[in-house]
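Novice: Could you have a look at this structure, given as structure tokens, before my questions?
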Amino acid sequence: MSDGSGPRSLADWGLEPAVDHIERVQRADGLILWYPDGPADPWDHVESAMALSIAGRDEAARRAYRWVADAQHDDGALWATYGDSEDNDGAHDGDEPRKETHRSAYVAVGTWHHYLCTEDRDFLENLWSTVRDALAFACDHQAPTGEIYWTVDPDGEVYEDALIAGCASIYKSLACGATIADVLGRVEVRDRWLEARSRLGEAIRTRPDRFDRTWESKSRYAMDWFYPVLCGVVTGNSARDRLDAGADRFLEEELGCRCVSDEPWVTVAESCELVLSLAAVGRTTRAREIYEWLFQWTDDEGIFWTGYQFEDEAFWPGERPTWTGAAAVLAADALSGVSPAADLFTDPQPE
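Numbering (this note's numbering), first residue to last: 1 to 351.
Set out below in structure tokens:
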């Protein structure tokens, strides 16, 4: 939902250093780490690949998606995190191995996004089985009440609880997967995904009792606030009301969006996702205003820090994640129409 004013390219926004950083950190096998010698995860990897597509770095983006296809397990899942060694079979050493439904499913969003940017039908055909199996993994873990369980351990034991933000992300993944299936003529699987998406959306909107049942509520996290809007679960006046209801808790004027409501810490990625959410409900002027605050949180090269601790007046942590720059690129695209995929998050597919 570009408003047609202001910068019209990534260079105009000063975002080329962020894209260069993503491409530098990408491994030869295609995996995009959070930062050099750091970990990686499938969701943030795909987000970074989307920034490469917007910037026209098509070969780097295709290598990123080939990594997903190569790393995918027989059940359609990927590990939640990976280390910096070139081993697609092992989870990151610092984490308990697990397969998270939303991280595995997000490849559907990235695949559709790359197709919108390139119109490369061969790419869409080649990634079809990867998308199909990833969404099958998520749908296999949908509860009778509609929510999709968060994670599965290496032995196949399901953790039967759900995250609002994670499920909202899967809702978007199912929408993109259904659109891919429609383009490729896979009508039967498209209809199954749309039915699963409808049940999932109903659970997010009307069954708060089905989320955070076995752990502390995640409502203090900004993602729980705006992800149902960002991913198209809540739209129209209901979406505007939801954003209004959380603004005082999460938004710091002239700084950005807090990651969690009770910590004096604004983060660039959450702020950019809030920008996308505001653009989705037609508040592009406010979205652009918030977005422009964020360029104070870059280093001398123009690469974004994770965030800013405003009581200590310090960047924290001292990292420049690839996915933070990617979120900034996606927000700029939504505001300025840099790529043909600019409306992906601001024009939600209806139920």
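Ideal placement from N, C-alpha and C gives every residue a C-beta, glycine not left out.
Could you give the C-beta distance for Asp-97 and Pro-154, rounded to a whole number, given that I count them as a contact under 8 Å?
Specialist: The sequence shown places Pro at residue 97, rather than the Asp named in the question. Indeed, because the Cβ distance is near 5 Å, the residues count as touching under 8 Å.
Novice: Run through the stretch 261 to 290 for me and flag every whole beta strand (DSSP E) of 3 or more residues, listed as ranges in chain order.
Specialist: With a minimum length of 3 residues, the continuous beta strand (DSSP E) runs that stay inside the stretch 261 to 290 are 265 to 267.
Novice: Per the contact definition of three or more C-beta pairs closer than 8 Å, is the stretch 279 to 291 in contact with the stretch 231 to 246?
Specialist: Yes: at least three Cβ pairs fall under 8 Å.
Novice: Are the stretch 95 to 115 and the stretch 167 to 183 in contact at 8 Å, needing three or more beta carbon pairs?
Specialist: These segments touch.
Novice: Going by the CB atoms, is the gap between His-73 and Gly-166 shorter than 7 Å?
Specialist: It is not a contact, given that the beta carbons lie outside the stated cut-off.
Novice: Rounded to whole angstroms, what's the CA-CA distance from Glu-263 to Ala-55? Just pull it up for me.
Specialist: If I take the Cα positions, the gap works out to 34 Å.
Novice: Are Thr-111 and Leu-135 closer than 7 Å when you measure CB to CB?
Specialist: Contact: no.
Novice: Are the beta-carbon atoms belonging to Ile-303 and Ala-18 less than 7 Å from one another?
Specialist: Taking 7 Å as the Cβ cut-off, Ile-303 and Ala-18 qualify as a contacting pair.
Novice: Secondary structure at Ile-204, three-state DSSP: helix, strand or coil?
Specialist: Looking at Ile-204 - three-state DSSP - the assignment turns out to be helix.
Novice: Spatial neighbours of Trp-193 within its chain, please: CB distance less than 8 Å, with the 5 preceding and 5 following residues excluded, ordered by chain position.
Specialist: For Trp-193, where only same-chain residues beyond five positions count, the Cβ hits under 8 Å are Leu-135, Cys-139, Leu-174, Gly-177, Ala-178, Ala-181.
Novice: Roughly how many whole angstroms lie between the Cα atoms of Val-329 and Leu-15?
Specialist: Val-329 and Leu-15: Cα-Cα distance of roughly 7 Å.
Novice: Which same chain residues end up closer than 7 Å to Ser-238 when comparing Cβ atoms and leaving out the 5 residues on each side of it in sequence?
Specialist: Around Ser-238: no qualifying Cβ.
Novice: Using the Cβ count rule (16 or more neighbours within 10 Å means buried), how would you classify Arg-288?
Specialist: That one is buried.
Novice: Should Ser-48 go down as buried or exposed, given a rule of 16 or more other Cβ atoms within 10 Å for buried?
Specialist: The residue in question, Ser-48, is buried, as its Cβ has 16 or more Cβ neighbours within 10 Å.
Novice: Which term fits Arg-121, buried or exposed, when burial requires 16 or more other beta carbons within 10 angstroms of its beta carbon?
Specialist: Result: exposed.
Novice: Rounded to the nearest angstrom, what separates Arg-63 and Arg-27 at their Cα positions?
Specialist: Taking the straight line from one Cα to the other gives about 9 Å.
Novice: Would you mind stating whether Asp-44 and Trp-305 have Cβ atoms separated by less than 7 Å?
Specialist: No.
Novice: Distance, Cα to Cα, Ile-22 vs Ala-143?
Specialist: One C-alpha to the other measures close to 37 Å.
Novice: Verify the CB distance criterion: does Glu-147 have a CB-CB separation below 7 Å to chain D?
Specialist: In the structure shown, chain D cannot be found, because there is only a single protein chain.
Novice: Report the rounded CA-to-CA distance for Ala-245 versus Glu-253, giving the unit in angstroms.
Specialist: Distance between the alpha carbons of Ala-245 and Glu-253: 16 Å.
Novice: DSSP three-state label for Val-107, please.
Specialist: In the structure shown, Val-107 sits in a helix (DSSP, three-state: H, G or I).
Novice: Could you pull the DSSP bridge partners for Arg-258 from this structure?
Specialist: In DSSP, Arg-258 forms a bridge with Val-266.
Novice: Give the single residue among Tyr-149, Val-131, Tyr-106, Thr-145 whose Cα lies nearest to the Cα of Lys-172.
Specialist: Among Tyr-149, Val-131, Tyr-106, Thr-145, the Cα nearest to that of Lys-172 belongs to Tyr-106.
Novice: What are the boundary residues of the beta strand (DSSP E) that includes Gly-177?
Specialist: Counting along the chain, Gly-177 falls outside any beta strand (DSSP E), though it belongs to the alpha helix (DSSP H) covering 164 to 184.
Novice: Which complete alpha helix (DSSP H) runs does the stretch 284 to 334 hold, if anything under 4 residues is left out?
Specialist: Runs found: 284 to 293.
Novice: Can you tell me whether DSSP reads Glu-157 as helix, strand or coil?
Specialist: Note: Glu-157 maps to coil in three-state DSSP.
Novice: To which residues of the same chain is Ala-358 closer than 7 Å at the C-beta, ignoring the five residues directly before and after it?
Specialist: No answer is possible for residue 358: the residues shown for the chain start at 1 and end at 351.
Novice: Could you tell me which residues DSSP puts in a beta bridge with Ala-64?
Specialist: Partner(s): none; Ala-64 has no beta bridge.
Novice: CB-CB under 7 Å to Ile-32, same chain, minus the five flanking residues each way: which ones, in chain order?
Specialist: Excluding residues within five positions, the ones whose Cβ falls inside 7 Å are Ile-22, Val-25, Gln-26, Ala-40, His-45, Ser-48, Ala-49, Ala-64, Thr-322.
Novice: Cβ of Lys-218 versus every heavy atom of the ligand FMN: is any distance shorter than 6 Å?
Specialist: As presented, the structure is devoid of all ligands, the ligand FMN included, so that no description of it is given.
Novice: In terms of DSSP beta bridges, what is Ala-138 paired with?
Specialist: DSSP output for Ala-138 lists no bridge partner at all.
Novice: Just the Cα atoms here: how many angstroms apart are Thr-130 and Ala-77?
Specialist: Distance between the alpha carbons of Thr-130 and Ala-77: 9 Å.
Novice: Can you give me the Cβ contacts of Trp-316 inside the same chain, cut-off strictly under 6 Å, excluding the 5 residues immediately before and after it?
Specialist: If we look at Trp-316 and ignore the five residues flanking it on each side, its Cβ neighbours are Gln-309.
Novice: Once you ignore the five residues that flank Glu-311 on each side, which residues in its own chain have a CB closer than 6 Å to its CB?
Specialist: Excluding residues within five positions, the ones whose Cβ falls inside 6 Å are Pro-264.
Novice: So which of Gly-83, Ser-9, Arg-205, Gly-201 has the shortest CA-CA distance to Pro-36?
Specialist: Among Gly-83, Ser-9, Arg-205, Gly-201, the Cα nearest to that of Pro-36 belongs to Gly-83.
Novice: Taking DSSP's pairing of strands, which residues face Val-229 in a bridge?
Specialist: According to DSSP, Val-229 bridges with nothing at all.
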